[in-house]
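Peer 1: Quick note, the sequences are listed as chains A and B, same order.
All residue numbers for the first sequence refer to my numbering, where the first residue is 30 and numbers rise by one.
All residue numbers for the second sequence refer to my numbering, where the first residue is 30 and numbers rise by one.
Number of protein chains: 2
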Amino acid sequence: MTENRITSAALDPASPITPQIYAHLRDAIIRNRLAPGDRISETEIAKSWSVSRQPVREAFIRLAGEGLLAVLPQRGTIVTRINYSDVLNARFLREAIEADIAKILAQRPDPALITELRAQLQAQEAVAASAPTDFIGLDEQFHRTLADAADKRGAWRLIEGLKSQMDRVRFLSLGHFPVVKLVGQHRAIVDAIEQGDTSAANAAVRTHLREVLIDLPQIHAAKPEFFDVPEGGIPEPVNAPIQGGKDE
Amino acid sequence: MTENRITSAALDPASPITPQIYAHLRDAIIRNRLAPGDRISETEIAKSWSVSRQPVREAFIRLAGEGLLAVLPQRGTIVTRINYSDVLNARFLREAIEADIAKILAQRPDPALITELRAQLQAQEAVAASAPTDFIGLDEQFHRTLADAADKRGAWRLIEGLKSQMDRVRFLSLGHFPVVKLVGQHRAIVDAIEQGDTSAANAAVRTHLREVLIDLPQIHAAKPEFFDVPEGGIPEPVNAPIQGGKDE
DNA sequence: ACTTCCATACTTCCATACTAGTCAGGATCG
DNA sequence: CGATCCTGACTAGTATGGAAGTATGGAAGT
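#1: In or out: I130(A) buried (at least 16 other Cβ within 10 Å) or exposed?
#2: DSSP state of I107(B), grouped into three classes?
#3: Could you tell me the distance, in whole angstroms, from the CA atom of S114(B) to the CA atom of A128(B)?
#4: Report buried or exposed for V108(A), applying the criterion of at least 16 other Cβ atoms within 10 angstroms of its Cβ.
#5: Tell me which same chain residues have a C-beta within less than 6 Å of the C-beta of G225(A), skipping the five on either side of it?
#6: Along the chain, where does the beta strand (DSSP E) containing L63(A) start, and where does it finish?
#7: Apart from the five residues just before and just after D276(A), which ones in its own chain have a Cβ nearer than 6 Å to its Cβ?
#8: Distance cutoff 8 Å, beta carbons only. Does E223(B) sit that close to anything in chain A?
#9: Can you tell which of T47(B), V208(B) and S159(B) has its C-alpha closest to the C-alpha of E71(B)?
#10: Kindly indicate the opening and closing residues of the alpha helix (DSSP H) around V80(A).
#11: Which same chain residues end up closer than 6 Å to A233(B) when comparing Cβ atoms and leaving out the 5 residues on each side of it in sequence?
#12: Which of the residues in the region 180-210 of chain A, read from start to end, lie with their CB under 7 Å from any CB of chain B?
#13: With distances taken between CB atoms, is the gap from K210(A) to F121(B) smaller than 8 Å?
#14: Look at the alpha carbon of A141(B) and the alpha carbon of S228(B), and state the distance between them as a whole number of angstroms.
#15: Looking at C-alpha atoms only, which residue of H237(A), F206(A), R55(A) and V116(A) is the closest neighbour of A157(A)?
#16: Looking only at DSSP bridge pairs, what is L98(A) linked to?
#17: How many angstroms separate the CA atom of L63(B) from the CA atom of R62(A)?
#18: Residue ranges of each alpha helix (DSSP H) run of no fewer than 4 residues wholly in the region 172-226 of chain B, ordered along the chain?
#19: Check whether the region 81-101 of chain B touches the region 95-108 of chain A, taking contact to mean three or more Cβ pairs, one atom from each stretch, closer than 8 Å.
#20: Any idea what DSSP makes of D41(B), helix, strand or coil?
#21: Name the two residues that bound the continuous alpha helix (DSSP H) containing N118(A).
#22: Helix, strand or coil, according to DSSP, for D244(B) in the structure here?
#23: Tell me whether R235(B), by its Cβ, gets closer than 7 Å to a heavy atom of the ligand GTP.
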């Protein structure tokens with residue numbers, strides 16, 4: 030039964046197989062078509078795409094590295110449950126990294142960048158009411174633009190991996206997703222950068238990234254079987270203070 | 030000839046082979062026993078350890094993910110040169126993450142942690158004059174202790190990957206390595222945490238991590254063949270300001 | 001009814017064979 | 001002599017065949 034949820038499109042036999050398997054599986058997991066806790070096997074996936082087990086295995090290894098699969102030797106491979114701590118940790122790391130990126134950008138505001146960002150804000154507003162699913166794509170584009178502008182492409186590669194954990198939650202929370210609010214926060218970031226206010230840019234990013242997972246507790250309450258709460262209840266999100274001392 | 034530089038110890042056939050190969054190769058690359066630019070092949074490595082290509086291949090994939098190897102399909106696999114930008118990027122990311130960690134720790138100074146850190150400082154001073162190579166291990170322990178204390182074990186996993194790029198440089202620069210100075214900076218971090226001064230802790234970490242690669246230009250000048258300078262000269266390190274605005 | 005043992009059907013892991021692409025060097029042709 | 005093509009020795013990518021370990025269900029014994 031599992032095959033139907035994964036093999037939506039056929040593979041291109043001309044290009045390398047492993048990356049294709051990887052991409053399809055990753056998408057299926059993040060969008061929760063493969064539910065947390067599901068068992069999958071090399072053989073099963075290989076048959077469903079009519080390839081050998083080898084490229085499937087290598088895709089599994091990559092996904093296990095991202096924390097999306099757990100490969101248990103001689104026992105099986107399962108889609109990991111969403112780890113509450115990992116999600117909060119990913120959020121913490123993104124905040125630390127992107128806050129510094131915003132500070133760099135605010136140091137030397139680039140008019141061309143501001144223009145580009147404001148265009149993106151318009152697009153975000155356009156989909157806000159109609160298609161919240163599309164917002165996730167635009168949101169990714171926004172944050173990526175910031176990283177690229179700061180010449181921190183390497184940082185984005187890291188953030189991408191962190192996002193996978195967070196996005197699983199976001200795809201669960203669609204529907205009741207405060208898109209309008211988030212767009213407003215994006216605007217605050219752009220404003221602060223434009224004005225060259227490093228500390229305002231810093232604070233705006235931190236506020237924004239703390240809001241993104243605001244409904245995590247509700248989602249957890251609604252679908253507890255998707256989550257893997259470590260030991261002893263829901264962890265308290267601990268963060269560095271937004272308002273630091275006199276200097277940063 | 031390459032085998033001699035890698036197969037120093039035998040493998041344990043009882044435990045999984047892939048992780049062993051991975052660990053050995055990673056160590057060989059970071060310590061520059063495998064020099065940047067060296068070509069290696071799955072077959073060659075497999076023969077040198079008397080295993081099949083398969084586990085070697087999987088180790089290669091992991092190392093390529095960390096940016097230590099470049100696998101060129103149907104052409105070969107080479108040890109990547111040290112990418113100047115990647116090193117600076119890794120440093121930037123560590124600064125952002127560890128600065129936030131220090132802030133968290135300074136919010137609630139833990140006496141037991143302070144005691145532990147001060148003991149580590151003593152050990153660091155002990156090796157400072159005698160064995161600078163050992164310092165790298167103690168340094169790793171120090172930074173890891175900070176991450177763990179802030180309940181950010183996930184963050185450390187990320188930092189470990191970043192460190193691999195930076196450590197390649199550090200193993201080149203041994204000898205003229207300002208260990209005493211770095212220990213002093215460690216002490217400043219501990220002091221700031223103990224006093225609960227979040228902004229001082231923040232600043233101390235940032236200062237420290239900017240110092241670590243202070244001699245990168247000289248190392249690059251000494252061994253240019255180990256480096257891969259992107260396009261157009263040495264990139265200027267761009268960083269967020271240590272002294273931010275009135276708030277952080 | 002309950003426990004213990006064992007056959008069986010899985011699973012991932014490793015070994016091996018084969019495919020296809022790349023590159024260098026030499027023969028051949030102009 | 002010089003350009004071109006071909007051939008063979010590489011490379012990594014993929015397919016497939018066991019090997020070793022694990023879970024499961026039923027039979028046998030208490």
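Note that beta-carbon positions come from the ideal geometry of N, C-alpha and C, so glycine has one too.
No experiment lies behind these values; they were computed from the predicted model shown.
Peer 2: Looking at the atomic coordinates:
#1: Buried: at least 16 other Cβ atoms inside 10 Å.
#2: Three-state DSSP puts I107(B) in a strand.
#3: A direct Cα-to-Cα measurement between S114(B) and A128(B) gives close to 21 Å.
#4: It is buried - the Cβ of V108(A) has at least 16 other Cβ atoms within 10 Å.
#5: Only A135 and P138 meet the Cβ criterion.
#6: No residue range can be given for L63(A), since it is assigned to no beta strand (DSSP E) and is classified by DSSP as neither H nor E.
#7: Low confidence applies to D276(A): its pLDDT is 39, below 50, so where it sits in the model is not reliable, and the reading given next is rough at best. Answer for D276(A): no residue qualifies.
#8: No - not a single Cβ of chain A is within 8 Å of the one on E223(B).
#9: Looking at the Cα atoms, T47(B) is the closest of the given residues.
#10: Premise fails: V80(A) is in no alpha helix (DSSP H) and is neither H nor E.
#11: Once the five neighbours on either side are set aside, the close Cβ partners of A233(B) are A217, I218 and A221.
#12: Residues D180, K181, G183, A184 and L187.
#13: No; because the gap between Cβ atoms is not below 8 Å, this pair is not in contact.
#14: Rounded to whole angstroms, A141(B) and S228(B) show a C-alpha spacing of 21 Å.
#15: Checking every option, the nearest Cα to that of A157(A) belongs to F206(A).
#16: Answer is V108(A), bridged to L98(A).
#17: When rounded, the distance between both Cα atoms is 43 Å.
#18: Within the region 172-226 of chain B, the complete alpha helix (DSSP H) runs of at least 4 residues are 182-202 and 208-223.
#19: No contact exists between the region 81-101 of chain B and the region 95-108 of chain A.
#20: In the structure shown, D41(B) sits in coil (DSSP, three-state: anything other than H, G, I, E or B).
#21: Start and end: Y113 to Q136.
#22: Judged by DSSP in its simplified three-state form, D244(B) adopts coil rather than helix or strand.
#23: Among the components modelled here there is no ligand, and therefore nothing to report on the ligand GTP.
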